[in-house]
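A.B. asks: Mind looking over this structure? Questions follow.
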Amino acid sequence: MAPHHVLKCCQRSLAWIPVIFINLVVGWSYYAYVVELCIFTIPNNAEKISYLVVFHLFFIMFIWSYWKTICSRPASPSKEFCLAKVEKEQYEKEEPDAQQDILKKAAVGLPVYTRTGTGAVRYCDRCQVIKPDRCHHCSTCDMCVLKMDHHCPWVNNCVGFSNYKFFVLFLAYSMLYCVFIAATVLQYFIKFWTNQLPDTHAKFHVLFLFFVAAMFFISILSLFSYHLWLVGKNRTTIEAFRAPVFRNGPDKNGFSLGFSRNVVEVFGDQKKYWMFPIYTSHGDGHSFVTRLLTLDPEQIAVGLQINGKSFVDGLASPKHVLGNNINHIEGHQDDIAQMVTVAMESES
Numbered sequence: 001m002a003p004h005h006v007l008k009c010c011q012r013s014l015a016w017i018p019v020i021f022i023n024l025v026v027g028w029s030y031y032a033y034v035v036e037l038c039i040f041t042i043p044n045n046a047e048k049i050s051y052l053v054v055f056h057l058f059f060i061m062f063i064w065s066y067w068k069t070i071c072s073r074p075a076s077p078s079k080e081f082c083l084a085k086v087e088k089e090q091y092e093k094e095e096p097d098a099q100q101d102i103l104k105k106a107a108v109g110l111p112v113y114t115r116t117g118t119g120a121v122r123y124c125d126r127c128q129v130i131k132p133d134r135c136h137h138c139s140t141c142d143m144c145v146l147k148m149d150h151h152c153p154w155v156n157n158c159v160g161f162s163n164y165k166f167f168v169l170f171l172a173y174s175m176l177y178c179v180f181i182a183a184t185v186l187q188y189f190i191k192f193w194t195n196q197l198p199d200t201h202a203k204f205h206v207l208f209l210f211f212v213a214a215m216f217f218i219s220i221l222s223l224f225s226y227h228l229w230l231v232g233k234n235r236t237t238i239e240a241f242r243a244p245v246f247r248n249g250p251d252k253n254g255f256s257l258g259f260s261r262n263v264v265e266v267f268g269d270q271k272k273y274w275m276f277p278i279y280t281s282h283g284d285g286h287s288f289v290t291r292l293l294t295l296d297p298e299q300i301a302v303g304l305q306i307n308g309k310s311f312v313d314g315l316a317s318p319k320h321v322l323g324n325n326i327n328h329i330e331g332h333q334d335d336i337a338q339m340v341t342v343a344m345e346s347e348s
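Position one of the sequence shown corresponds to residue 1 (the UniProt record's numbering), numbered consecutively onward.
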């Protein structure tokens, strides 16, 4: 049997096959469009130049967002979520019930509001950390990933807190790239198909380019639409299939703050940066604003979490927040007022 590290090395090498495939297809599409279509097939210079300018704009944004998704290392929990050495040694010696008591004590000072389906503190035995809210262990990456959405083989990376914006933009620009190619190639596809143009070596490239672009556009459109829906609901793919469990039970809208705030959580406050694969997401990935009604009663004393920062100790209710403590959170009145409103509304 091959050594474990050799198998791991082989798995990591094979994992790059989908990425290589995508890059080969994109490389061929670039050649087919620029050389075979624009240079050898299109006779009109004005049409040729306009096509090339728009094509390269989509191409650059597509490649930029794609490689940002690939190269952004998944964010993992910080050291404060690790058990202290004494607690870890004690944890390893105890029975499951006693282990939970240790985890509950360790989690008191942490912004952790979600639980397992049985109400236990979420702990990763592999990484030996208390899992922050929305954090999950990826068996492929062999690490806990903050706000994990899914592991994508097409980017050979985990899509999570550190690169979710890049992933959504990658889907958007790949879709625009494909639909632009299909739309501009269509008339020449028809001319080649009906033999209105001479049978040259460009014919195969143009015909095949249209089919490939149309096929990828249809498949990406459904995935892009699904992730836009997730952004609007402030959910991950994992949470869409399994609602996060809070102290008072599962709540599929536990992290939803309303459509506009949900979009800002992923894309940031400044709209001028939304279309660029530049990191602008809110927070630190360890704590998230939650609807006040779903806060863990045992954790309320830790404070209201706004973008990774803690405010207001000992909150008891939404009215208490607005009534007695609003003066202690100067600069965040609008955030809290909106959170209370969202918490009191029933969301579909």
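Here a beta-carbon is modelled for each residue, glycine too, at the ideal position from N, C-alpha and C.
So N262 is in the alpha helix (DSSP H); what residue range does that whole segment cover?
C.D. replies: Taking the sequence shown and counting its residues from 1, one reaches residue 262 at position 262. Where N262 is concerned, the enclosing alpha helix (DSSP H) stretches over F259 to F267.
A.B. asks: Distance, Cα to Cα, V19 vs R12?
C.D. replies: As a position in the sequence shown, residue 19 is number 19, starting the count at 1. As a position in the sequence shown, residue 12 is number 12, starting the count at 1. Roughly 12 Å between the two C-alpha positions.
A.B. asks: Count the other CB atoms within 10 Å of the CB of A32; is the residue buried (16 or more) or exposed (fewer)?
C.D. replies: Residue mapping note: residue 32 aligns to position 32 of the sequence shown, counting from 1. A32 is buried by the Cβ-count criterion.
A.B. asks: Please work out which residues of its chain come closer than 8 Å, Cβ to Cβ, to S346, disregarding the five sequence neighbours upstream and downstream, and give them in chain order.
C.D. replies: Indexing the sequence shown from 1 puts residue 346 at position 346. With a pLDDT of only 41 at S346, under 50, the local geometry of the prediction cannot be trusted, and the value read off the model is given with reservation. Answer for S346: no residue qualifies.
A.B. asks: Please report the straight-line C-alpha distance between E92 and H282, rounded to a whole angstrom.
C.D. replies: For the purposes of this step, residue 92 is taken as the residue at position 92 of the sequence shown. For the purposes of this step, residue 282 is taken as the residue at position 282 of the sequence shown. Answer to the nearest angstrom: the Cα atoms are 36 Å apart.
A.B. asks: Which term fits H320, buried or exposed, when burial requires 16 or more other beta carbons within 10 angstroms of its beta carbon?
C.D. replies: Against the sequence shown, residue 320 aligns to sequence position 320. Note that H320 scores 33 on pLDDT, short of 50, meaning its location in the model is unreliable and no value can be drawn from it.
A.B. asks: Does the Cβ-Cβ distance between E80 and H205 come in under 7 Å?
C.D. replies: In the sequence shown, residue 80 corresponds to position 80, counting from 1. In the sequence shown, residue 205 corresponds to position 205, counting from 1. Going by C-beta atoms, E80 is not nearer than 7 Å to H205.
A.B. asks: Report the residue ranges of all alpha helix (DSSP H) runs contained in full by the stretch 62-100; include only those spanning at least 4 residues, in chain order.
C.D. replies: Runs found: 85-93.
A.B. asks: State the CB to CB distance for the pair C144 and H151, rounded to an integer number of angstroms; the pair is presumed to be in contact (CB under 8 Å).
C.D. replies: By 1-based counting over the sequence shown, the position of residue 144 is 144. By 1-based counting over the sequence shown, the position of residue 151 is 151. Between H151 and C144 the Cβ distance is about 13 Å, and since that is not below 8 Å, they are no contact.
A.B. asks: Would C71 be called buried (16 or more neighbouring beta carbons within 10 Å of its own) or exposed?
C.D. replies: Your numbering for residue 71 matches position 71 in the sequence shown. Its Cβ having fewer than 16 others within 10 Å, C71 is exposed.
A.B. asks: Looking at the secondary structure, which residues open and close the alpha helix (DSSP H) in which C178 lies?
C.D. replies: In the sequence shown, counting from the first residue as 1, residue 178 sits at position 178. Run containing C178: Y164 to W193, per the alpha helix (DSSP H) assignment.
A.B. asks: Return the first residue and the last residue of the beta strand (DSSP E) that N23 is part of.
C.D. replies: Counting from 1 along the sequence shown, the entry for residue 23 is found at position 23. Unbroken run through N23 is the alpha helix (DSSP H), I17 to Y31; no beta strand (DSSP E).
A.B. asks: Report the residue from K147, Q99, W64 and R115 whose alpha carbon sits nearest the alpha carbon of D284.
C.D. replies: Taking the sequence shown and counting its residues from 1, one reaches residue 284 at position 284. Cα-wise, what sits closest to D284 is K147.
A.B. asks: CA-CA distance, L223 and K165?
C.D. replies: Walking along the sequence shown from the start, residue 223 turns up at place 223. Walking along the sequence shown from the start, residue 165 turns up at place 165. Rounded to the nearest angstrom, the two C-alpha atoms are 14 Å apart.
A.B. asks: Excluding sequence positions up to five away, which residues of its chain have a Cβ less than 7 Å from the Cβ of M175?
C.D. replies: The count along the sequence shown starts at 1 and reaches residue 175 at position 175. Taken in chain order, the residues that qualify are F217, I220, L221 and F224.
A.B. asks: Suppose contacts are defined by Cβ-Cβ distances below 7 Å. Is A111 in contact with P77 by that definition?
C.D. replies: Counting from 1 along the sequence shown, the entry for residue 111 is found at position 111. Counting from 1 along the sequence shown, the entry for residue 77 is found at position 77. Checking the sequence shown, residue 111 turns out to be Pro, not Ala. Cβ distance not < 7 Å, so P111 and P77 don't count as in contact.
A.B. asks: Hey, is the stretch 194-213 in contact with the stretch 97-107, meaning 3+ C-beta pairs nearer than 8 Å?
C.D. replies: At 8 Å Cβ cutoff, the stretches do not touch.
A.B. asks: Just list the residues that DSSP pairs H136 with in beta bridges.
C.D. replies: Counting from 1 along the sequence shown, the entry for residue 136 is found at position 136. H136 pairs with V145.
A.B. asks: Check this for me: beta carbons of T184 and Y51, under 7 Å apart or not?
C.D. replies: Within the sequence shown, the letter at position 184 stands for residue 184. Within the sequence shown, the letter at position 51 stands for residue 51. Taking 7 Å as the Cβ cut-off, T184 and Y51 qualify as a contacting pair.
A.B. asks: Under the three-state reduction of DSSP, which class applies to N307: helix, strand or coil?
C.D. replies: Here the question's residue 307 lines up with position 307 in the sequence shown. Caution is warranted here: a pLDDT of 45 is assigned to N307, below 50, making its placement in the model unreliable, and the coordinate value is therefore given only provisionally. Three-state result, N307: coil.
A.B. asks: Could you check what DSSP says for V231 in three-state terms: helix, strand or coil?
C.D. replies: Along the sequence shown, one-based indexing puts residue 231 at 231. Of the three classes helix, strand and coil, the one that applies to V231 here is helix, per DSSP.
A.B. asks: Between which two residues does the alpha helix (DSSP H) carrying A240 extend?
C.D. replies: Position 240 of the sequence shown holds residue 240. T237 to F241 is the extent of the alpha helix (DSSP H) around A240.
A.B. asks: By the DSSP assignment, the beta strand (DSSP E) with N157 in it spans what residues?
C.D. replies: As a working mapping, residue 157 is identified with position 157 in the sequence shown. First-last of the beta strand (DSSP E) with N157: N157 to V159.
A.B. asks: Per the DSSP calculation, V286 is bridged to which residue(s)?
C.D. replies: For the purposes of this step, residue 286 is identified with residue 286 of the sequence shown, where counting begins at 1. Rather than Val, the amino acid found at residue 286 in this sequence is His. DSSP, once it has assigned bridges, lists no residue as partnering H286.
A.B. asks: Starting from Y279, follow its DSSP beta bridges and name the residues at the other end.
C.D. replies: Counting from one through the sequence shown, the residue named residue 279 turns up at place 279. None; Y279 has no bridge partner.
A.B. asks: Measuring only the C-alpha atoms, how far is G303 from V108?
C.D. replies: Start at 1 with the first residue of the sequence shown, and residue 303 comes out as number 303. Start at 1 with the first residue of the sequence shown, and residue 108 comes out as number 108. With a pLDDT of 43 at G303, under the threshold of 50, the modelled position of that residue is not reliable, and the figure given next carries that caveat. Using only the alpha carbons, I get a separation of about 11 Å.
A.B. asks: Could you give the distance in angstroms between the alpha-carbon of P96 and the alpha-carbon of C124?
C.D. replies: Walking along the sequence shown from the start, residue 96 turns up at place 96. Walking along the sequence shown from the start, residue 124 turns up at place 124. Each residue's alpha carbon lies about 14 Å from the other.
A.B. asks: Comparing alpha-carbon positions, which option in A120, I63 and D251 lies nearest V155?
C.D. replies: On the sequence shown, position 155 is the one that residue 155 refers to. Closest option to V155, Cα to Cα, is I63.
A.B. asks: With a cut-off of 8 Å on the beta carbons, I'd call P43 and L169 a contact; round off their distance for me.
C.D. replies: Position 43 of the sequence shown, counted from the first residue, corresponds to residue 43. Position 169 of the sequence shown, counted from the first residue, corresponds to residue 169. With 8 Å as the limit, P43 and L169 do not qualify as a contact, their Cβ atoms being about 35 Å apart.
A.B. asks: In the DSSP assignment, the beta strand (DSSP E) including E151 goes from what residue to what residue?
C.D. replies: In the sequence shown, residue 151 corresponds to position 151, counting from 1. In the sequence on display, residue 151 carries His and not Glu. It spans H150 to C152 - the beta strand (DSSP E) in which H151 sits, taken as one unbroken run.
A.B. asks: Based on the DSSP secondary-structure assignment, which residues constitute the bridge partners of Y113?
C.D. replies: One-based indexing of the sequence shown puts residue 113 at position 113. Beta-bridge pairing links Y113 to no other residue.
A.B. asks: Using alpha carbons as the reference points, say which of A172, L171 and C138 lies closest to N157.
C.D. replies: As a first step, residue 157 must be located in the sequence shown, where it is residue number 157. If we check each option's Cα against that of N157, C138 comes out closest.
A.B. asks: In the DSSP assignment, what are the bridge partners of C124?
C.D. replies: By one-based count along the sequence shown, residue 124 stands at place 124. According to DSSP, C124 bridges with V129.
A.B. asks: Using a Cβ-Cβ cut-off of 6 Å (strictly less than) and excluding sequence neighbours within five positions of F161, which residues of its own chain qualify?
C.D. replies: As a first step, residue 161 must be located in the sequence shown, where it is residue number 161. Cβ within range, chain order: A75, L146, K147 and G285.
A.B. asks: For D241, count neighbouring C-beta atoms within 10 Å of its own C-beta (all shown protein chains included) and say buried if the count is 16 or more, exposed if not.
C.D. replies: Within the sequence shown, numbered from 1, the residue matching residue 241 stands at position 241. Here the sequence assigns Phe to residue 241, which means Asp is not the residue at that position. By the neighbour-count rule (16 or more Cβ atoms within 10 Å), F241 is not buried but exposed.
A.B. asks: Quick check: what's the CA-CA separation for H56 versus H227?
C.D. replies: Along the sequence shown, read from residue 1 onward, the residue named residue 56 stands at position 56. Along the sequence shown, read from residue 1 onward, the residue named residue 227 stands at position 227. Straight-line Cα distance between these residues: approximately 25 Å.
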